[in-house]
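Residue numbers (mature numbering (1 follows the signal peptide of the UniProt record, and there is no 0)): -24 to -1, 1 to 245. Just so you know, even glycine gets a beta-carbon here, dropped at the ideal spot from N, CA and C.
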């Protein structure tokens, strides 16, 4: 039977309507936080202030748990982040580039500084975000040591508009694992992490165990309750960009609390 042209076109339209639409399939993960891509992320607006250390103890500590920032290798190129940026400590170890903008009087033109997130700037709800509550949500705020602030702006500037972006961290040497705790409680501080810088997950393996997941204690301190004494320890470290480094036999069989060991390092593009 020969169909007329109008009837043929009508049948083709009906078939197209009944056919399922074409779909694209991709895999994604919502369990990982945002992280830097292989290239620097885009510049975003924020504000920055500084603090001046009046006591050597002011240079030690912080919400990320790194302790003495000089001994940990971070020096004064560090920054505290407001609650909106801090991500409850997940961001610890990430690297940011900051530059001063929109103020010809106080900015040092053509300069920027690279900083590591090591601390938390707590909100002060006694003030409005536009008043004295610089670190209150939803503000994106950075608090720098005066030594770092002075590289991008005149220190008299105070609360400055800046731009920031996430960048890959570049480190000398390998990832460092500092073991602490007592008995079957083991805490491991992980520092000097290249690449995305911030850690999403950690596993530990004794020479007589399989891989055991560790929990985030605070900042970049990870812990586990397990009897791992008299065993060589290996670590699997996963960064926020989902890259993983496995460092075998980082700590020898006779490791002890308070010791620091070095393992493999993330590759940085």
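Spatial distance of residue i from residue j (CA atoms)
i	j	result
residue -3	residue 175	Note that residue -3 scores 29 on pLDDT, short of 50, meaning its location in the model is unreliable; the coordinates nonetheless yield the value given after this. Roughly 38 Å separates the two Cα atoms.
residue 128	residue 56	16 Å
residue 158	residue 130	47 Å
residue 173	residue 21	22 Å
residue 69	residue 168	8 Å
residue 60	residue 199	26 Å
residue 142	residue 188	31 Å
residue 115	residue 126	22 Å
residue 191	residue 153	15 Å
residue 93	residue 111	15 Å
residue 5	residue 117	Here the model assigns residue 5 a pLDDT of 29, short of 50, so the residue's position is not dependable, and the following value carries that caveat. Distance between the alpha carbons of residue 5 and residue 117 is about 28 Å.
residue 3	residue 58	Its pLDDT being 25, under 50, residue 3 is placed unreliably in this model, and the coordinates cannot settle the point.
residue 76	residue 138	5 Å
residue 232	residue 45	23 Å
residue 62	residue 215	16 Å
residue 25	residue 177	32 Å
residue 104	residue 113	10 Å
residue 81	residue 17	28 Å
residue 50	residue 146	11 Å
residue 48	residue 88	23 Å
residue 119	residue 205	40 Å
residue 23	residue 163	35 Å
residue 86	residue 98	31 Å
residue 43	residue 203	26 Å
residue 106	residue 67	24 Å
Beta-carbon proximity check, residue i vs residue j, cutoff 9 Å
i	j	result
residue 90	residue 72	yes
residue 170	residue 237	no
residue 155	residue 223	no
residue 108	residue 95	no
residue 133	residue 79	yes
residue 144	residue 244	yes
residue 247	residue 65	The requested residue 247 is not part of the displayed model; the chain covers only -24 to 245.
residue 201	residue 166	no
residue 41	residue 197	yes
residue 148	residue 52	no
residue 140	residue 74	yes
Buried/exposed call for residue i, threshold 16 Cβ in 10 Å
i	result
residue 228	exposed
residue 121	buried
residue 217	buried
residue 226	buried
residue 135	exposed
residue 54	buried
residue 239	buried
residue 213	buried
residue 38	buried
Counterpart residues of residue i in DSSP-defined beta bridges
i	result
residue 165	154 and 197
residue 187	181
residue 139	21 and 75
residue 226	Residue 226 pairs with nothing; no bridge assigned.
residue 58	97
residue 27	121
residue 237	153
Original post:
Quick one: any contact between the segment 174 to 189 and the segment 208 to 226, if contact means 3 or more CB pairs under 8 Å?
Top reply: Counting C-beta pairs with one atom in each stretch, the segment 174 to 189 and the segment 208 to 226 have three or more that are closer than 8 Å, which means they touch.
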